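Student:
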Amino acid sequence: MGSKNRKVQKVRYAVVGLGHLAQVAVLPAFARLQNAEIAALVTSDKRKAGILAKRYRVKDVYDYDQYEECLARDVDAVYIVLPNHRHCEFTMRAAKAGVHVLCEKPMAVSVAECRKMIASMHQHRRKLMIAYRLHFEKSNLESIAIGESSKLGKVRFFSSDFGQQIVGSNVRLTEPTREGGGPIFDMGIYCINAARYLFRAEPTEVWATSASTGEARFRNAEEMTAVTMRFPGERLATFTASFGCADIGRYTLVGTKGVLTADPAYEYAQGLKLQIKVGEKMEKRQYPKRDQFAAEISYFSECILKNREPEPSGQEGLADIRVIEGIYKAVKSMSVVKLPAFEKKRRPTMRQEIRKQPHGKPETIHVTPPSGSD
Numbered sequence: 604m605g606s607k608n609r610k611v612q613k614v615r616y617a618v619v620g621l622g623h624l625a626q627v628a629v630l631p632a633f634a635r636l637q638n639a640e641i642a643a644l645v646t647s648d649k650r651k652a653g654i655l656a657k658r659y660r661v662k663d664v665y666d667y668d669q670y671e672e673c674l675a676r677d678v679d680a681v682y683i684v685l686p687n688h689r690h691c692e693f694t695m696r697a698a699k700a701g702v703h704v705l706c707e708k709p710m711a712v713s714v715a716e717c718r719k720m721i722a723s724m725h726q727h728r729r730k731l732m733i734a735y736r737l738h739f740e741k742s743n744l745e746s747i748a749i750g751e752s753s754k755l756g757k758v759r760f761f762s763s764d765f766g767q768q769i770v771g772s773n774v775r776l777t778e779p780t781r782e783g784g785g786p787i788f789d790m791g792i793y794c795i796n797a798a799r800y801l802f803r804a805e806p807t808e809v810w811a812t813s814a815s816t817g818e819a820r821f822r823n824a825e826e827m828t829a830v831t832m833r834f835p836g837e838r839l840a841t842f843t844a845s846f847g848c849a850d851i852g853r854y855t856l857v858g859t860k861g862v863l864t865a866d867p868a869y870e871y872a873q874g875l876k877l878q879i880k881v882g883e884k885m886e887k888r889q890y891p892k893r894d895q896f897a898a899e900i901s902y903f904s905e906c907i908l909k910n911r912e913p914e915p916s917g918q919e920g921l922a923d924i925r926v927i928e929g930i931y932k933a934v935k936s937m938s939v940v941k942l943p944a945f946e947k948k949r950r951p952t953m954r955q956e957i958r959k960q961p962h963g964k965p966e967t968i969h970v971t972p973p974s975g976s977d
């Protein structure tokens, strides 16, 4: 790797995959970063690559079949923005080349794949971070702090709704569930992660059920799934994730004295809001839109430059996939599934807040958003 022969001041990234998320959020995030830059683009679409390379002044463009050639050049890290079933393969290939990896969530499509990714990155002494952008967002970090304080009393349960309409041609529905398609991998993972970071614990068992209207678009992956998770301390977390409903993305944390509601909770394209109600007293907090992707890229780059272990790590990604596996076992068996014991020590705190100014909405090239229209 080229960086072995130079003093790294800026982390040079190859962005792998140029779909909708990469174009509207990942590529523009590099514009104002002092510690990171785009060194290469990797995609199978030559027309798209040419236009985006010119727009972002990127000299090197590679096809997926040329991935090893890209990794062998002057690249320190990759940001993997590929369909879920390709995360493991492209992470393993980067590890072998001695390149750090920032991988979009979900980390992979199985616990076994997650463990392989973690082991390979450890073997090659490279850093692996999963792109949980909300671990750096003030609204969610303040929710954690409020939950840990005595403001709500003893926190007892969590509930969340996250859904949108997805067109049938989108990879989220063309991929079967076993390959990472469906609303749990794409949207439910936010609810799982939020419950885990708000409760500061790992669920011990899960129950779930799925439903679909029978539309052709849901032939490979279900329309929606509802989940209940049990946490230590006799606490419950419930959520529904859907690909067939109006836009919604909120969570509620309920304690013995008060209620916290985040609505919207998971967005990156708009500001976020919290409402805290304790007795008759109501408090509302608004948070302006920030560039959550610039924040996470900046943070991971600092981890590389200063040799720090990132949070969220591969263990964080594994923790969510462990739950997702349990969810689909519960759907299939129509019974409560006990989850294997799992210990996670590092969790997000207010110290991780990073503020980055938002960018405008870029014109997209040869992609369609999940809903079918911008």
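The opening position of the sequence shown corresponds to residue 604 in this note's numbering, with each subsequent residue numbered one higher.
In this text, a Cβ means the ideal position worked out from N, Cα and C, and glycines have one as well.
Note that the structure is predicted; figures quoted are calculated from it, not measured.
#1: Answer with buried or exposed for P835, where buried requires no fewer than 16 other C-beta atoms within 10 angstroms of its C-beta.
#2: Within the same chain, show all residues whose beta-carbon is closer than 7 Å to that of V970, passing over the 5 residues directly before and after it, in chain order.
#3: Could you spell out where the beta strand (DSSP E) holding F821 opens and where it closes?
#4: Do you know how far the Cα of E928 is from the Cα of V712?
#5: Suppose you measure from the CA of V618 to the CA of P779; what does that come to, to the nearest Å?
#6: Tell me whether the beta-carbon of R833 lies closer than 8 Å to the beta-carbon of E805.
#7: Is it buried or exposed, H725, if we count other Cβ atoms within 10 angstroms and call 16 or more buried?
#8: Is the separation between the beta-carbon of L839 and that of F760 shorter than 8 Å?
#9: Just tell me which of Q895, R718 and K947 has its CA closest to the CA of A632.
#10: Which residues mark the beginning and the end of the alpha helix (DSSP H) in which I654 is found?
#11: For a quick check, are the C-beta atoms of G917 and M790 less than 8 Å apart?
#12: Measure the beta-carbon distance from K754 to G882 and round it to whole angstroms, keeping in mind my assumption that it falls under 8 Å.
#13: Report back the beta-carbon spacing between E826 and F846 to the nearest angstrom; my notes put them in contact at under 8 Å.
#14: Give the list of continuous alpha helix (DSSP H) stretches no shorter than 4 residues that lie fully inside the region 707–746.
#15: Closest by CA to V830, which one among C706, F788 and G817?
#16: Going residue by residue through the region 869–945, where are the continuous beta strand (DSSP E) segments of at least 3 residues, counting only ones entirely within it?
#17: In whole angstroms, give me the CA-to-CA distance for S904 and D668.
#18: One question on the structure: do Y869 and Y793 come within less than 8 Å of each other, judged by their Cβ atoms?
#19: Indicate the three-state DSSP secondary structure (helix, strand or coil) for I769 in the structure shown.
#20: What's the gap between the Cα of A722 and the Cα of M885?
#21: Could you spell out the range, first to last residue, of the beta strand (DSSP E) harbouring T864?
#22: Within the chosen definition, does the region 939–949 reach the region 756–773 through at least 3 CB pairs nearer than 8 Å?
#23: Given H727, which residues of its chain have a CB within under 7 Å of its CB, disregarding the five upstream and five downstream residues?
#24: Report yes if the CB atom of I968 is closer than 8 Å to the CB atom of L655, and no otherwise.
#25: Is the separation between the beta-carbon of R888 and that of L877 shorter than 8 Å?
#26: Could you check whether K708 and G920 sit closer than 8 Å to each other, using their CB atoms as the reference points?
#27: Measuring only the C-alpha atoms, how far is K613 from S936?
#28: Expressed to the nearest angstrom, what Euclidean distance is found between the alpha-carbon atoms of E740 and T777?
#29: If you follow the alpha helix (DSSP H) that E808 is part of, which residue opens it and which one closes it?
#30: Who are the Cβ neighbours of Y659 in its own chain at under 7 Å, not counting the five residues just before and after it?
#31: Given a threshold of 16 other Cβ atoms within 10 Å of its Cβ, counted over all protein chains shown, does G858 qualify as buried or as exposed?
#32: Within the continuous beta strand (DSSP E) that includes L755, where are the two ends?
#33: Hey, V926 and I795: beta-carbon distance below 8 Å or not?
#34: Can you tell me whether V970 is helix, strand or coil according to DSSP?
Tutor: Checking against the coordinates, here is how it stands:
#1: Within the sequence shown, numbered from 1, the residue matching residue 835 stands at position 232. Counting Cβ neighbours within 10 Å, P835 comes out exposed, since fewer than 16 surround it.
#2: Counting from 1 along the sequence shown, the entry for residue 970 is found at position 367. G622, H623 and Q626, listed in sequence order.
#3: One-based indexing of the sequence shown puts residue 821 at position 218. Note, F821: premise wrong, no beta strand (DSSP E); not H, not E.
#4: By one-based count along the sequence shown, residue 712 stands at place 109. By one-based count along the sequence shown, residue 928 stands at place 325. Computed Cα separation, rounded: 9 Å.
#5: For this step, residue 618 is matched to residue 15 along the sequence shown. For this step, residue 779 is matched to residue 176 along the sequence shown. Looking at the two C-alpha atoms, the distance is approximately 25 Å.
#6: For the purposes of this step, residue 833 is taken as the residue at position 230 of the sequence shown. For the purposes of this step, residue 805 is taken as the residue at position 202 of the sequence shown. The answer is no: Cβ separation not under 8 Å.
#7: Within the sequence shown, the letter at position 122 stands for residue 725. That one is exposed.
#8: Locating residue 839 in the sequence shown gives position 236, counting from the first residue. Locating residue 760 in the sequence shown gives position 157, counting from the first residue. In contact: L839 and F760 (Cβ atoms closer than 8 Å).
#9: Here residue 632 refers to the residue found at position 29 of the sequence shown. Here the closest residue by C-alpha is Q895.
#10: Numbered from 1 along the sequence shown, position 51 holds the residue referred to as residue 654. First-last of the alpha helix (DSSP H) with I654: K649 to R658.
#11: As a position in the sequence shown, residue 917 is number 314, starting the count at 1. As a position in the sequence shown, residue 790 is number 187, starting the count at 1. Cβ atoms of G917 and M790: not closer than 8 Å.
#12: Locating residue 754 in the sequence shown gives position 151, where the first residue counts as 1. Locating residue 882 in the sequence shown gives position 279, where the first residue counts as 1. In fact, because the Cβ distance is near 11 Å, the residues do not count as touching under 8 Å.
#13: Here residue 826 refers to the residue found at position 223 of the sequence shown. Here residue 846 refers to the residue found at position 243 of the sequence shown. Contact flag correct, Cβ pair sits at about 6 Å.
#14: 714–726
#15: Working through the sequence shown from its first residue, we reach residue 830 at position 227. If we check each option's Cα against that of V830, F788 comes out closest.
#16: 875–881 and 884–890
#17: Stepping through the sequence shown from its first residue, residue 904 is reached at position 301. Stepping through the sequence shown from its first residue, residue 668 is reached at position 65. So the two alpha carbons sit approximately 26 Å from each other.
#18: As a working note, residue 869 is residue 266 in the sequence shown. As a working note, residue 793 is residue 190 in the sequence shown. Taking 8 Å as the Cβ cut-off, Y869 and Y793 qualify as a contacting pair.
#19: In the sequence shown, residue 769 corresponds to position 166, counting from 1. DSSP places I769 in coil when its eight states are reduced to three.
#20: Position 119 of the sequence shown, counting from 1, holds the residue named residue 722. Position 282 of the sequence shown, counting from 1, holds the residue named residue 885. Approximately 48 Å between the Cα atoms of the pair.
#21: Position 261 of the sequence shown, counting from 1, holds the residue named residue 864. Taken as a continuous stretch (DSSP letters only), the beta strand (DSSP E) holding T864 covers G861 to A865.
#22: no
#23: Here the question's residue 727 lines up with position 124 in the sequence shown. For H727, where only same-chain residues beyond five positions count, the Cβ hits under 7 Å are A698, K699 and G701.
#24: Here residue 968 refers to the residue found at position 365 when the sequence shown is read from its first residue. Here residue 655 refers to the residue found at position 52 when the sequence shown is read from its first residue. In this structure, L655 lies closer than 8 Å to I968 by Cβ.
#25: Translated into the one-based positions of the sequence shown, residue 888 becomes position 285. Translated into the one-based positions of the sequence shown, residue 877 becomes position 274. The answer is yes: Cβ separation under 8 Å.
#26: By 1-based counting over the sequence shown, the position of residue 920 is 317. By 1-based counting over the sequence shown, the position of residue 708 is 105. Going by C-beta atoms, G920 is nearer than 8 Å to K708.
#27: If you number the sequence shown from 1, residue 613 lands on position 10. If you number the sequence shown from 1, residue 936 lands on position 333. Between K613 and S936, the C-alpha separation is close to 50 Å.
#28: Against the sequence shown, residue 740 aligns to sequence position 137. Against the sequence shown, residue 777 aligns to sequence position 174. Those two C-alpha atoms are separated by around 31 Å.
#29: If you number the sequence shown from 1, residue 808 lands on position 205. Per DSSP, E808 belongs to no alpha helix (DSSP H); it is in the beta strand (DSSP E), E808 to A814.
#30: Reading the sequence shown from its first residue, position 56 is the one you call residue 659. Excluding sequence neighbours, Y659 sits near L630 and I641.
#31: On the sequence shown, position 255 is the one that residue 858 refers to. With 16 or more other Cβ atoms within 10 Å, it is buried.
#32: As a first step, residue 755 is located in the sequence shown; it is residue number 152 there, counting from the start. Careful: L755 lies outside any beta strand (DSSP E) and carries neither H nor E.
#33: Locating residue 926 in the sequence shown gives position 323, counting from the first residue. Locating residue 795 in the sequence shown gives position 192, counting from the first residue. Cβ atoms of V926 and I795: closer than 8 Å.
#34: Position 367 of the sequence shown, counted from the first residue, corresponds to residue 970. In this structure, V970 counts as coil in the three-state DSSP scheme.
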